[in-house]
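Enquirer: Residue numbers (our numbering): 462 to 857. Every residue gets a Cβ at the ideal spot worked out from N, C-alpha and C, and that includes glycine.
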Ligand code: AMP
């Protein structure tokens, strides 16, 4: 793997694609800076070598032109604090002024460019735009795992302008190594925990995992499609009516492949999708009309946590219920605790990004699991066996 450890950046300008797509409140305060801190090791290594750092990122979903609320200038003060040094800002990511600023950088200095997505060309993967960006650095570093599944100008297309000077940053390298560890080096018993809203988002991963795991736990909204497919009454719980056959075939496949498939047997149900709803317990195949399952129930928690605690490798993607509401967070929290216990006993636990990472953070367990991925979609696609454009572009 071509990582930044293989070269010295002394006297060079490193153009680094980072994922600084952080949430901001209405006063432009950063409410979660994980994505910024995750890129610090790469930035610091290059500065320590005596290189200059030019950072480029997207922020939010601008409509293709400059928008104040999506300006990366809001990140400058916090980035300067994190690095303990001045951060220069260019209010465009290409053009004469940005180029002049990048050329004026001295050894150990940092420049942050304005939002890449102020140009439609970024998401289109436009080659001319990528070439203009490429002028800003001598060496290209990709450390943006969260967007590695996109063939955008700054994440993939740009790499062709650095045929002999393109590298993975530490975050990218770490993400790939941890995903590989789970996919191809899992110590058994290997348990995958799948949850979240829809089975359709995760079918490909579930099918692939059936060839690898010992235990497959399915919870969250997606479990009701399985309950319905098996003839249960699920009230108005979440269901994908066109995926009932698929659910049955996954159950069959698990049997054939001798995978221990655990589906919830009971649920916490509610008469409303709200934290103020009336709640009750129910068997998963017998949910009252007009009620919906919003969390796994105590029997399911007991069965799931036992399996998780005895595992040596754990992959978790998707919450067990609507953990954002206190009334329905119990199942997700209990699973998180079981993952932490298994990790304490020596298991390797990889938490998929997105909602699972948010859940682990909500319960303050981020430092007690082995690795929390910064990529939601990117991690899913990598684990499904797809070649990520951002990874391919460096490897080619
Ligand atoms: P995903 O993005 O597919 O991982 O789905 C995560 C979302 O699924 C979270 O916002 C949860 O609130 C939601 N979710 C989990 N369980 C349920 C459920 N039983 N009913 C409705 N939504 C759920």
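#1: The ligand AMP and residue 736: does any heavy atom of the ligand fall closer than 8 angstroms to the residue's C-beta?
#2: For the ligand AMP, is there any heavy atom lying closer than 8 angstroms to the beta carbon of residue 781?
#3: Can you have a look at residue 558 and say buried or exposed, based on whether 16 or more other CB atoms are within 10 angstroms of its CB?
#4: Between which two residues does the alpha helix (DSSP H) holding residue 474 run?
#5: Which of the three DSSP states is assigned to residue 856 in this structure?
#6: Per DSSP, which residues does residue 600 bridge with? Please list them.
#7: Would you list the residues sitting across from residue 517 in a DSSP beta bridge?
#8: Hey, does residue 576 have any beta-carbon neighbour from chain B nearer than 9 angstroms?
#9: For the candidate residues 759, 648, 596, whose alpha-carbon lies nearest to that of residue 727?
#10: Grab me the residues of residue 840's own chain with a C-beta within less than 6 angstroms of its C-beta, minus the 5 sequence neighbours each way, in chain order.
#11: Using the beta-carbon count (16 or more within 10 Å), is residue 556 buried or exposed?
#12: With three or more C-beta pairs closer than 8 angstroms as the rule, is the segment 681 to 689 touching the segment 697 to 709?
#13: Does at least one heavy atom of the ligand AMP sit under 8 angstroms from the Cβ of residue 758?
#14: For a test of your reading of the model: does the CB of residue 745 fall under 8 angstroms from any non-hydrogen atom of the ligand AMP? Yes or no.
#15: In three-state terms, what does DSSP make of residue 712?
#16: What are the partner residues of residue 756, as DSSP defines its beta bridges?
#17: Could you compute how far the alpha carbon of residue 683 sits from the alpha carbon of residue 740?
#18: With a threshold of 16 other CB atoms inside 10 Å of the CB of residue 648, please say whether the residue is buried or exposed.
#19: Any heavy atom of the ligand AMP closer than 8 angstroms to the Cβ of residue 409?
#20: Between residue 859 and residue 655, how many whole angstroms is the CB-CB distance? I'm expecting something under 8 angstroms.
#21: Taking 9 angstroms as the threshold (C-beta atoms), are residue 768 and residue 723 in contact?
#22: What are the uninterrupted segments assigned as alpha helix (DSSP H) that are 4 or more residues long and contained completely in the segment 501 to 554, given in chain order?
#23: For the alpha helix (DSSP H) that residue 643 lies in, which residues bound it at each end?
#24: CB residue 609 to CB residue 850, shorter than 9 angstroms?
#25: Count the other C-beta atoms from every protein chain shown that fall within 10 angstroms of the C-beta of residue 672, then say buried if there are 16 or more, exposed otherwise.
#26: In or out: residue 735 buried (at least 16 other Cβ within 10 Å) or exposed?
#27: Is residue 685 near the ligand AMP, with its Cβ less than 8 angstroms from a heavy atom?
#28: Grab the span of the beta strand (DSSP E) containing residue 651 for me, first residue to last.
#29: Which of the three DSSP states, helix, strand or coil, is assigned to residue 615?
#30: I'd like to confirm something about residue 784: is its beta-carbon nearer than 8 angstroms to some heavy atom of the ligand AMP, or not?
#31: Contact between the segment 594 to 610 and the segment 524 to 534 is defined here as three or more beta-carbon pairs at a separation below 8 angstroms; is this criterion met?
#32: Alpha carbon to alpha carbon, how far is residue 827 from residue 784? Give it in angstroms, no decimals.
#33: Just checking my contact of residue 657 with residue 816 at CB under 8 angstroms: how many whole Å lie between their CB atoms?
#34: Just checking my contact of residue 577 with residue 515 at CB under 8 angstroms: how many whole Å lie between their CB atoms?
#35: Check residue 464 in the structure and name its three-state DSSP category.
#36: When you compare the segment 536 to 546 with the segment 558 to 567, are there three or more beta-carbon pairs, one atom per stretch, that lie closer than 8 angstroms?
Expert: Let me spell this out:
#1: no
#2: yes
#3: exposed
#4: Premise fails: residue 474 lies in the beta strand (DSSP E), 474 to 478, not in any alpha helix (DSSP H).
#5: helix
#6: 475
#7: 478
#8: No chain B appears in this structure, which consists of one protein chain only.
#9: 759
#10: 813, 814, 834
#11: exposed
#12: yes
#13: no
#14: no
#15: helix
#16: 729
#17: 20 angstroms
#18: exposed
#19: The question about residue 409 has no answer here: the residues shown for the chain are numbered 462 through 857.
#20: The structure shown has nothing for residue 859, since the chain only spans 462 to 857.
#21: yes
#22: 537 to 544
#23: 631 to 645
#24: yes
#25: exposed
#26: exposed
#27: yes
#28: 651 to 655
#29: coil
#30: yes
#31: no
#32: 16 angstroms
#33: 6 angstroms
#34: That belief does not hold up - the Cβ atoms of residue 577 and residue 515 are roughly 12 angstroms apart, past 8 angstroms.
#35: strand
#36: no
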